[in-house]
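Structure first, then comments.
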Amino acid sequence: MSNYLLGLGNLGGPLYTLTGRDYPAIVARVPAMSFSSEYGIAPAPFLAPPDPEAHKHSHAYWQSEGQPVYSIVIAGSSHVEWSQLPLAHATSWCAQVVDNECVGSWGLAVAEHYTVAWFDRWLKRPGEPGHADADARLLDDAAWAGRLSWHYRSARSFPDRGGRTRLCEDIRGGC
1 MSNYLLGLGN LGGPLYTLTG RDYPAIVARV PAMSFSSEYG IAPAPFLAPP DPEAHKHSHA
61 YWQSEGQPVY SIVIAGSSHV EWSQLPLAHA TSWCAQVVDN ECVGSWGLAV AEHYTVAWFD
121 RWLKRPGEPG HADADARLLD DAAWAGRLSW HYRSARSFPD RGGRTRLCED IRGGC
């Protein structure tokens, strides 16, 4: 599927400029998890309510291709969410470091929880730590939904280990 049909625009812009060729088509072949931010580099109030589905284009494509997918938008997050740059606007800063562990962060805790659970779900083998309860951690909405964006919807679609499809188009809103 082309990036334009997917609604993602020309993701290969710089590559095309260098090579004169289109960027390879995106193909949903494996389970995917994505994290998006609410704001650009400098958070500012929305002047009008944004489209709550705006960050779910790739999610919809993966879902249409029958691939497991999880898409998360952290409340209050910015483009620099995943950095530890000083003075950067991010919810991921650690409020406190205890025994080399981040304690009290907002965004980083969400990203860590879902990423580890997703990897445990798709990469671990039976008997390995994290394998048995990965589905339960991915479905633990009560603990994490309050940290997800209310402007943009977070969603999931994946089969649990029992074969039941776990579909939710608005995790914060309730499934």
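This note's numbering applies: residue 1 is where the sequence shown begins, and numbers increase by one.
C-beta atoms are modelled at their ideal positions from N, C-alpha and C, and glycine is treated no differently.
As the structure is a computational prediction, the values presented were derived from the model and not from experiment.
The stretch 123-132 touching the stretch 107-114, judged by at least three CB pairs closer than 8 Å: Taking a cut-off of 8 Å on C-beta distances, the stretch 123-132 does not touch the stretch 107-114, as fewer than three cross pairs fall below it.
Distance between G127 and S77 (C-alpha atoms, nearest Å): Stepping through the sequence shown from its first residue, residue 77 is reached at position 77. Stepping through the sequence shown from its first residue, residue 127 is reached at position 127. Rounded to whole angstroms, S77 to G127 spans 36 Å at the Cα level.
Exposure of S2, with buried meaning 16 or more beta-carbon neighbours within 10 Å: In the sequence shown, residue 2 corresponds to position 2, counting from 1. A caution first: S2 carries a pLDDT of 44, below 50, which makes its placement in the model too unreliable to give a value.
Opposing strand residues paired with S78 [DSSP bridges]: Reading the sequence shown from its first residue, position 78 is the one you call residue 78. Per DSSP, none; premise fails for S78.
Other residues of its chain near W118: CB distance less than 7 Å, five sequence neighbours each side excluded: Position 118 of the sequence shown, counted from the start, is the residue given in the question as residue 118. The residues are M33, Y70, L138.
Candidates Y39, P52, R29, G40: closest to R153 by CA position: Indexing the sequence shown from 1 puts residue 153 at position 153. For R153, the nearest C-alpha among the options comes from P52.
Cut-off 7 Å between Cβ atoms - residues of its own chain near A220, not counting five sequence neighbours on either side: Nothing about residue 220 can be read from this structure; the chain reaches only from 1 to 175.
4-residue-minimum alpha helix (DSSP H) runs that sit fully inside the stretch 90-144, ordered along the chain: 107-123, 134-138, 141-144
Candidates S83, I74, H59: closest to W150 by CA position: Translated into the one-based positions of the sequence shown, residue 150 becomes position 150. Checked all of S83, I74, H59; the closest Cα to W150 is I74.
Per-residue DSSP class, three states only, for A32: The sequence position of residue 32 within the sequence shown is 32, counting from 1. Looking at A32 - three-state DSSP - the assignment turns out to be strand.
Among V103, A109, R147, I72, the one whose alpha carbon lies nearest that of S157: Numbered from 1 along the sequence shown, position 157 holds the residue referred to as residue 157. The residue with the shortest Cα to Cα distance from S157 is I72.
Proximity winner among A145, R164, G162, V98, relative to G173 (alpha-carbon distances): Here the question's residue 173 lines up with position 173 in the sequence shown. Nearest of A145, R164, G162, V98 to G173, Cα basis: A145.
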